[in-house]
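**Q** Chains as they are written, first to last, in my numbering: chain Y, 1 to 141; chain H, 1 to 376.
No residue lacks a Cβ here, since even glycine has one placed at the ideal position from N, Cα and C.
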């Protein structure tokens, strides 16, 4: 499904982008419905796609039984698609029916070519999310 | 009836296959695996890998099936490789996709793209010393440019018999950028250097971006007219992108055209690697020299960045020199990854795009120069 720019505007992660940049992001995103119990990313698998929650509840389970749940519009899953070593560090499962936006990592590579400044902004946002979540990965909580 | 059955069996691939076909089929499967499971350049390795499988199905000679048999389907696809049709079309798409503003914001970083081309010329000399003919040595050296279409472009005119191994080596090493480059980058830099933060580049005006493809084209092609097909299409594609008024053409170039040509190029190059032609001692030499070309190119970029720092007030992070090999944007992303390992809040991606894009232009110019010297 194609993505409307107003949807991109409503997401915190893209809040500080210019309208032209939002349009570019919208062209790379795909809206997908997910069903309860569906595993959308599996820990250890090659991270091909990043997901942004639009609706529904999700759980990301890391190793040693650690897990977080995501309920808010704009929450991000599959950040590993953008950072080395490009393997999912957690398994993301839909706890309820819902909708996500997805962006393939390959499209992000194209974005680096076509607009390095925009990809830099996104990398910084993703980095913030990863550093927020790193305690769950390292167990320092 | 028995005779018919025997004849049928003797015409199957099982009876016709040689050990070379089996080895190459395994190589094809490995390439597909790297693309699918590891995510290494999937858009390139999957078509090439499947092409290798197609090219190594043993077929009865003179049935018009093999890639080297005139009139066969694969032969028509291969025509675009041998006559340098595909590489310039890929460059058209690359031009229509690429934002040159990182390079225009800080033109001094273009020198890093030029420095990385040392890998091409040093490998050229190395290959000559090892007994390769000059035209073959030039085609092997261009692997150091880390640009598949450029490698195919030059090899098609200088050493067409080596297209298979050179293309496979070039694309494999491009896919293995995240594996090959980091150890060299870390070896040649201190932690203090890897921690250097760079100033945000200035904003580049729309006018600058629009004028650049014209000035860049004229300048580069006057320096190396041999690079005309590649750079002409690269800058033309970029003009379509930046002019805005031709956005529909730019979109076609960066989506449907480049995707279609990538499929044709990948499958044709893969299929050209028939076991009996590909598995030779020359191919092994090409792979070893190609790896050294790549390593030298990476090292040259990093070392030149350190050299530039001797004279610059605002120091540059020498890691970005490694992006001077083309492989856009993978090598820029490797710079980002290596830099972030030292300091997760340091973002080098944008800065690395400047030498990265310069590397594309630099390797095309190098190809043009080698062609003009050796192609006559």
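1) Give me, in chain order, the residues of the same chain whose beta-carbon lies closer than 6 Å to that of residue 65 (chain H); leave out the 5 immediate sequence neighbours on both sides.
2) Within the same chain, show all residues whose beta-carbon is closer than 6 Å to that of residue 228 (chain H), passing over the 5 residues directly before and after it, in chain order.
3) For the beta strand (DSSP E) containing residue 50 (chain Y), list its first residue and its last residue.
4) Taking residue 352 (chain H) as the reference, give the member of H:285, H:319, H:19, H:242 with the closest Cα.
5) Among H:113, H:12, H:127, H:112, whose alpha-carbon lies nearest the alpha-carbon of residue 285 (chain H)?
6) Below 9 Å between beta carbons is the criterion; list the residues of the segment 48 to 68 of chain Y that meet it against any residue of chain H, in chain order.
7) Between which residues of its own chain and residue 135 (chain H) is the CB-CB distance below 6 Å, once the five residues before and five after are set aside?
8) Identify, in the order they occur along the chain, each residue of the same chain with its Cβ nearer than 6 Å to the Cβ of residue 250 (chain H), setting aside the five sequence neighbours on each side.
9) Less than 8 Å between the CB atoms is what I'm expecting for residue 144 (chain Y) and residue 53 (chain Y), so what's the real figure, rounded?
10) Using a Cβ-Cβ cut-off of 8 Å, state whether residue 94 (chain Y) counts as contacting chain H.
11) What is the residue span of the alpha helix (DSSP H) that residue 113 (chain Y) lies within?
12) For residue 102 (chain Y), which residues from the same chain have a beta carbon less than 6 Å from its beta carbon, with the 5 sequence-adjacent residues on both sides left out?
13) Give a yes or no on whether the C-beta atoms belonging to residue 171 (chain H) and residue 290 (chain H) are separated by under 8 Å.
14) Report all residues from its chain with a CB closer than 7 Å to the CB of residue 407 (chain H); omit the five preceding and five following residues, and keep chain order.
15) So the candidates are H:253, H:3, H:225, H:75; which of them puts its Cα closest to the Cα of residue 238 (chain H)?
16) Would you say the segment 104 to 120 of chain Y touches the segment 96 to 106 of chain H, given that touching needs at least three Cβ pairs under 8 Å?
17) For chain H, find out if any of its Cβ atoms is closer than 8 Å to the Cβ of residue 125 (chain Y); answer yes or no.
18) Residue 329 (chain H): which of H:87, H:112, H:45, H:94 sits nearest, CA to CA?
19) Which two residues bound the contiguous alpha helix (DSSP H) that contains residue 58 (chain Y)?
20) Which residue marks the beginning of the alpha helix (DSSP H) containing residue 38 (chain H), and which one marks its end?
21) Going along the segment 185 to 216 of chain H in order, which residues come within less than 7 Å of chain Y, judged by CB to CB distance?
22) Tell me residue 33 (chain Y)'s beta-bridge partners as DSSP assigns them.
23) Skipping 5 residues on each side, what residues in its chain have a beta carbon closer than 7 Å to that of residue 94 (chain Y)?
24) Chain Y partners of residue 132 (chain H), CB-CB under 9 Å?
25) Step through the CB atoms of chain Y and report whether any lies within less than 8 Å of the CB of residue 353 (chain H).
26) Residue 141 (chain Y) CB to nearest chain H CB: under 8 Å?
27) Would you please verify whether the beta carbon of residue 257 (chain H) is less than 8 Å from any beta carbon of chain Y?
28) Find the residues of chain Y that neighbour residue 333 (chain H), judging by a C-beta separation of less than 8 Å, and give them in chain order.
29) Can you say whether residue 123 (chain Y) is buried or exposed, counting buried as having 16 or more other CB atoms within 10 angstroms of its CB?
30) Using the beta-carbon of each residue, which ones in chain Y are nearer than 7 Å to residue 328 (chain H)?
31) Once the 5 residues before and after residue 143 (chain Y) are set aside, which same chain residues still bring their CB inside 8 Å of it?
32) Closer than 9 Å by beta-carbon distance: list the chain H residues that pair up with residue 131 (chain Y), in chain order.
33) Taking only beta-carbon atoms, is residue 138 (chain H) less than 8 Å away from chain Y?
34) May I ask you to list the residues that DSSP assigns as paired with residue 273 (chain H)?
35) Label residue 187 (chain H) either buried or exposed according to how many other C-beta atoms from any shown protein chain fall within 10 Å of its C-beta, with 16 as the threshold for buried.
36) Quick check: residue 366 (chain H) and residue 120 (chain H), are their CB atoms within less than 8 Å of each other?
**A** Looking at the atomic coordinates:
1) Mapped onto the second chain, residue 65 (chain H) falls at position 65. Once the five neighbours on either side are set aside, the close Cβ partners of residue 65 (chain H) are 59, 72.
2) Along the second chain, one-based indexing puts residue 228 (chain H) at 228. Closer than 6 Å at Cβ, skipping near neighbours: 221.
3) As a working note, residue 50 (chain Y) is residue 50 in the first chain. Run containing residue 50 (chain Y): 49 to 55, per the beta strand (DSSP E) assignment.
4) Translated into positions along the second chain, residue 352 (chain H) becomes position 352. The candidate whose alpha carbon is nearest that of residue 352 (chain H) is H:319.
5) Residue numbering aside, residue 285 (chain H) sits at position 285 when the second chain is read from its first letter. Considering only alpha carbons, the answer is H:127.
6) 48
7) Locating residue 135 (chain H) in the second chain gives position 135, counting from the first residue. Only 158, 159, 374 meet the Cβ criterion.
8) Start at 1 with the first residue of the second chain, and residue 250 (chain H) comes out as number 250. 96, 240, 241, listed in sequence order.
9) Since the first residue shown for chain Y is 1 and the last is 141, residue 144 (chain Y) is missing from the structure and cannot be characterised.
10) Here residue 94 (chain Y) refers to the residue found at position 94 when the first chain is read from its first residue. Not one chain H Cβ lies under 8 Å of residue 94 (chain Y).
11) Indexing the first chain from 1 puts residue 113 (chain Y) at position 113. Here the alpha helix (DSSP H) through residue 113 (chain Y) covers 105 to 114.
12) Here residue 102 (chain Y) refers to the residue found at position 102 of the first chain. If we look at residue 102 (chain Y) and ignore the five residues flanking it on each side, its Cβ neighbours are 30, 32, 49, 51.
13) In the second chain, counting from the first residue as 1, residue 171 (chain H) sits at position 171. In the second chain, counting from the first residue as 1, residue 290 (chain H) sits at position 290. It is not a contact, given that the beta carbons lie outside the stated cut-off.
14) Given a span of 1 to 376 for chain H in the structure shown, any question on residue 407 (chain H) remains unanswerable.
15) Here the question's residue 238 (chain H) lines up with position 238 in the second chain. The shortest Cα separation from residue 238 (chain H) among H:253, H:3, H:225, H:75 belongs to H:253.
16) yes
17) Here residue 125 (chain Y) is taken as the residue at index 125 of the first chain, counted from 1. No, because no Cβ of chain H sits closer than 8 Å to the Cβ of residue 125 (chain Y).
18) By 1-based counting over the second chain, the position of residue 329 (chain H) is 329. The shortest C-alpha separation from residue 329 (chain H) is found at H:94.
19) Within the first chain, the letter at position 58 stands for residue 58 (chain Y). Taken as a continuous stretch (DSSP letters only), residue 58 (chain Y) belongs to no alpha helix (DSSP H), being part of the beta strand (DSSP E) at 58 to 61.
20) As a first step, residue 38 (chain H) must be located in the second chain, where it is residue number 38. Per DSSP, residue 38 (chain H) belongs to no alpha helix (DSSP H) and is neither H nor E.
21) none
22) Translated into the one-based positions of the first chain, residue 33 (chain Y) becomes position 33. Residue 33 (chain Y) pairs with Y:99.
23) Here residue 94 (chain Y) corresponds to residue number 94 of the first chain, with the count starting at 1. Contacts found: 34, 35, 36, 37, 38, 40, 56, 58.
24) The residue labelled residue 132 (chain H) in the question sits at position 132 within the second chain. Neighbours of residue 132 (chain H) on chain Y: none; closest Cβ ~34 Å, over 9 Å.
25) Here residue 353 (chain H) corresponds to residue number 353 of the second chain, with the count starting at 1. Chain Y contact via Cβ: present.
26) Here residue 141 (chain Y) refers to the residue found at position 141 of the first chain. Legend: pLDDT at residue 141 (chain Y) = 49, less than 50; position of this residue unreliable, no value from coordinates given.
27) What you label residue 257 (chain H) is simply residue 257 of the second chain in a count that begins at 1. Chain Y contact via Cβ: absent.
28) Within the second chain, residue 333 (chain H) is the residue found at index 333, counting from 1. Those within 8 Å of residue 333 (chain H) in chain Y are 109, 112.
29) Along the first chain, one-based indexing puts residue 123 (chain Y) at 123. When all chains shown are included, residue 123 (chain Y) counts as buried.
30) On the second chain, residue 328 (chain H) is found 328 positions in, with the first residue counted as 1. Result: 113.
31) The requested residue 143 (chain Y) is not part of the displayed model; chain Y covers only 1 to 141.
32) Taking the first chain and counting its residues from 1, one reaches residue 131 (chain Y) at position 131. Near residue 131 (chain Y) (Cβ distances below 9 Å), the residues of chain H are 344, 345.
33) Numbered from its first residue, the second chain carries residue 138 (chain H) at position 138. No, its Cβ sits nowhere closer than 8 Å to a Cβ of chain Y.
34) Taking the second chain and counting its residues from 1, one reaches residue 273 (chain H) at position 273. According to DSSP, residue 273 (chain H) bridges with nothing at all.
35) Residue 187 (chain H) sits at position 187 when you count from the first residue of the second chain. Under this definition residue 187 (chain H) is an exposed residue.
36) The sequence position of residue 366 (chain H) within the second chain is 366, counting from 1. The sequence position of residue 120 (chain H) within the second chain is 120, counting from 1. Yes, these two residues count as a Cβ contact at 8 Å.
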